[in-house]
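Trainee: When we follow the numbering used here, the leftmost residue of the sequence shown carries the number 3, and every step to the right adds one. Where is the CB? At the ideal position from N, CA and C, for every residue including glycine.
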Amino acid sequence: MSTAADQIITALRAGHEELAALVRDLKEDDLLQPSGASEWQVSQVLSHLGSGAEINLATLDAARTGAPGPDGDFNRGVWARWDAMSPAEHAAGFLATNERLVEAYEALDAETRASMRIDLGFLPEPVDVATAARFRLSEFALHQWDAEVAFNRFAAVTPGAVALLLDQVGGMLAWTSRPQELAGEATLLVRLHAPERTFGLRLGEKVEVVDAPERPDGELVAPAEAWLRLATGRLGPQYTPDGVLVTGSVTLDDLRRVFVGF
Numbered sequence: 003m004s005t006a007a008d009q010i011i012t013a014l015r016a017g018h019e020e021l022a023a024l025v026r027d028l029k030e031d032d033l034l035q036p037s038g039a040s041e042w043q044v045s046q047v048l049s050h051l052g053s054g055a056e057i058n059l060a061t062l063d064a065a066r067t068g069a070p071g072p073d074g075d076f077n078r079g080v081w082a083r084w085d086a087m088s089p090a091e092h093a094a095g096f097l098a099t100n101e102r103l104v105e106a107y108e109a110l111d112a113e114t115r116a117s118m119r120i121d122l123g124f125l126p127e128p129v130d131v132a133t134a135a136r137f138r139l140s141e142f143a144l145h146q147w148d149a150e151v152a153f154n155r156f157a158a159v160t161p162g163a164v165a166l167l168l169d170q171v172g173g174m175l176a177w178t179s180r181p182q183e184l185a186g187e188a189t190l191l192v193r194l195h196a197p198e199r200t201f202g203l204r205l206g207e208k209v210e211v212v213d214a215p216e217r218p219d220g221e222l223v224a225p226a227e228a229w230l231r232l233a234t235g236r237l238g239p240q241y242t243p244d245g246v247l248v249t250g251s252v253t254l255d256d257l258r259r260v261f262v263g264f
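Here's what the structure looks like:
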């Protein structure tokens with residue numbers, strides 16, 4: 003029987019293979035193209051993913067061996083080294099380092115996937131493999147889109163990742179939203195499809211997912227993939243698919259201002 007950890011690790015492998023297939027064919031000029039991440043070129047997205055893979059791998063190795071996990075000095079050293087690389091080195095480094103991270107997750111046996119706890123360094127206590135891998139999948143899937151959309155404005159977050167990340171969006175809103183950008187308060191009914199979800203979105207002193215309201219101030223209807231990108235600041239007008247509809251007291255442009263992403 004497939005566990006949550008199994009499904010997420012499978013999605014990490016699928017995402018790596020998809021992005022690696024693109025990156026292997028990129029030329030120098032391609033790596034300098036603007037990405038879907040504000041102010042980042044494609045090579046900088048790959049640098050971010052590659053350095054993140056290196057830190058994630060060190061964290062995973064520490065959990066496996068019982069050694070102390072990477073600290074702030076380690077992380078800053080990794081970032082400085084990647085920042086100093088050329089665009090071509092970013093691409094090659096991403097391909098090698100992310101492959102090693104995915105392989106390390108795949109090498110965990112069923113018992114370890116169920117029992118091991120990983121100290122991510124920014125949470126109050128260690129988490130299980132599924133939670134740690136889901137954090138990586140969230141980062142990877144969205145930055146994968148950042149890279150791919152530079153060459154295909156119709157790019158979408160992969161369906162397998164959307165299904166695994168969709169129910170985690172509420173926990174990200176404190177980091178990805180600026181409620182002060184909206185004048186007043188509102189509660190929207192949100193209806194998603196592929197996969198289907200229905201819930202409320204409260205826009206007030208903070209932005210939060212709530213139960214579906216009986217008397218909403220408006221409604222957001224969208225593909226689940228588009229909602230995931232909206233909530234993480236990736237649904238600009240040029241990247242908005244058909245089927246996204248906002249009615250009532252709040253507009254789609256209002257929501258774009260609220261959700262600034264990461």
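Span of the alpha helix (DSSP H) holding Val246?
Mentor: It is not in any alpha helix (DSSP H) - Val246 carries neither H nor E in the DSSP assignment.
Trainee: Looking at Gly162 and Ala16, is the spacing between their C-beta atoms short of 8 Å?
Mentor: Yes. Within cutoff.
Trainee: Tell me the residue span of the beta strand (DSSP E) that contains Gly220.
Mentor: Taken as a continuous stretch (DSSP letters only), the beta strand (DSSP E) holding Gly220 covers 220 to 225.
Trainee: Going by Cα to Cα distance, which pick from Ala90, Leu110, Gly235 is closest to Thr67?
Mentor: Cα-wise, what sits closest to Thr67 is Leu110.
Trainee: Across which residues does DSSP place Ile199 in a beta bridge pair?
Mentor: The sequence shown places Arg at residue 199, not Ile. DSSP output for Arg199 lists Leu194 as bridge partner(s).
Trainee: How far does the alpha helix (DSSP H) with Val171 in it extend, from its first residue to its last?
Mentor: That run of the alpha helix (DSSP H) goes 171 to 178.
Trainee: How far does the alpha helix (DSSP H) with Val25 in it reach, from first residue to last?
Mentor: Counting along the chain, the alpha helix (DSSP H) containing Val25 begins and ends at 6 to 25.
Trainee: Could you name the residues that DSSP lists as bridge partners for Ile2?
Mentor: The question about residue 2 has no answer here: the residues shown for the chain are numbered 3 through 264.
Trainee: For Arg115, which residues of its own chain have a beta-carbon under 6 Å away from its beta-carbon, when the five flanking residues on both sides are left out?
Mentor: So the list reads Ala7, Val131, once near-sequence residues are dropped.
Trainee: Using the three-state DSSP reduction, which class does Glu183 fall into: helix, strand or coil?
Mentor: Here Glu183 sits in helix by DSSP.
Trainee: On a Cα-Cα basis, can you pick out the residue from Ala65, Arg155, Asn100, Glu101 that is closest to Met118?
Mentor: Selected option, being the one with the closest Cα: Ala65.
Trainee: Count the CB pairs spanning the stretch 177 to 194 and the stretch 150 to 164 that are closer than 8 Å, and state whether there are at least three.
Mentor: Cβ pair count under 8 Å is below three, so no.
Trainee: Going by DSSP, what residue range makes up the beta strand (DSSP E) through Glu210?
Mentor: Start and end: 209 to 212.
Trainee: Looking at C-alpha atoms only, which residue of Trp147, Arg258, Glu56 is the closest neighbour of Tyr107?
Mentor: It is Glu56.
Trainee: Taking Cβ to Cβ, would you say Ala233 is nearer than 8 Å to Phe261?
Mentor: Against a cut-off of 8 Å, the Cβ pair of Phe261 and Ala233 comes out as a contact.
Trainee: Residues in its own chain within less than 8 Å of Gln240 by CB, not counting five upstream and five downstream?
Mentor: Counting only Cβ-Cβ distances below 8 Å, and skipping sequence neighbours, we find Arg155.
Trainee: Output yes or no for whether 8 Å exceeds the beta carbon distance between Val192 and Leu230.
Mentor: No, the Cβ-Cβ distance between Val192 and Leu230 is not below 8 Å.
Trainee: Is the Cβ of Phe156 closer than 8 Å to any Cβ of chain C?
Mentor: You won't find chain C in this structure, because it holds only one protein chain.
Trainee: Does the stretch 78 to 87 come close enough to the stretch 121 to 137 that 3 or more CB-CB pairs lie under 8 Å?
Mentor: Contact fails: fewer than three Cβ-Cβ distances are below 8 Å.
Trainee: Taking the C-alpha atoms as reference points, what is the distance between Glu221 and Pro36?
Mentor: Rounded to the nearest angstrom, the two C-alpha atoms are 33 Å apart.
Trainee: Quick one: residues in its chain with C-beta nearer than 6 Å to the C-beta of Ser45, no 5 flanking neighbours on either side, listed in chain order?
Mentor: These residues qualify, in order along the chain: Leu33, Pro89, His92.
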